[in-house]
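In our numbering, the protein residues as written are 264 to 563.
C-beta: ideal position from N, C-alpha, C; glycine also.
Worksheet: the structure to be examined is printed underneath.
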């Protein structure tokens, strides 16, 4: 296995990495959508040119049996034009635009990391024959949950991922001041602590407050904690679609924006009343194995 990414990837046994140049460091990006046919292919951009050249050279040298492409329509098309079968990872939201439709058409298989019974977007229905809804993929799947402390005050964990959100630690401080009957903490919030392994804090919180990112939701589901989900603004209404699916299924309390101070006590009570067993319906157990089986099938 080889991971090609613009991000730095931590070393893992048996996994090679290729660090790709970024394609968004230029001063201007003329005709970035190629007249609406693509999402990001700016003219005369050195980063884009070098990035695609590195991918092409790697494919030519290593001749992969399959490539999994997360989000990028342009990489999907490049790899397929090089004759490599592609597994495309679908994303929630309104993916009805021509670039997304093109990527889904050329894919050998499509992976959707949520349960089909809770969210089947209309635009994926035409591709139902090659779409597998594997459930929420969490790196914590199967990891033992630490025991929760016997604290008298319920604990509230505000979780923020690396994708960012319009939230800072001052907002958490205001909540803690207004509602001292709860223990407030945060991870990943601007101005607050960040940890590489949030699993202990996730499992020991009475309620987790989070955005509706795919990884965050899957991690909360794996931990089985009551949650308040506040969808962040993302392209194609990605997080709002996920939040609406969670609300319809009764898996979490959902709010469109950060709640007013006076609303927190009843929201936290509502979240705790949902319980933790409801998260089994997000199907995080063995989700990665189900995705791997699809990838192996295409590779064979």
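Rounded to the nearest angstrom, the Cβ distance from residue 468 to residue 419 is 7 Å, consistent with a contact under 8 Å.
For the options 452, 417, 374 and 424, the alpha carbon positioned closest to that of residue 434 is the one of 452. Rounded to whole angstroms, the separation of the alpha carbons of residue 483 and residue 462 is 9 Å. Residue 418 sits in a strand when the DSSP states are folded into three classes. The continuous beta strand (DSSP E) containing residue 330 extends over residues 330-333. In the structure shown, the three-state DSSP call for residue 521 is coil. By the neighbour-count definition (other C-beta atoms within 10 Å, threshold 16), residue 346 is an exposed residue. By the criterion of a C-beta distance shorter than 6 Å, residue 348 is surrounded in its chain by 329, 371 and 561, once the five residues flanking it on both sides are discounted.
Cβ contact annotation for residue 264 (same chain, cutoff 8 Å, sequence separation greater than five): 277, 278 and 279, in chain order. For residue 552, the number of other beta carbons within 10 angstroms of its own is below 16, and it is reported as exposed. If you check the CB distance, residue 508 and residue 492 do not come in under 8 Å. Counting other Cβ atoms within 10 Å of its Cβ, residue 399 reaches 16 or more and is therefore classed as buried.
Residue 505 carries a helical assignment under DSSP once its states are collapsed to helix, strand and coil.
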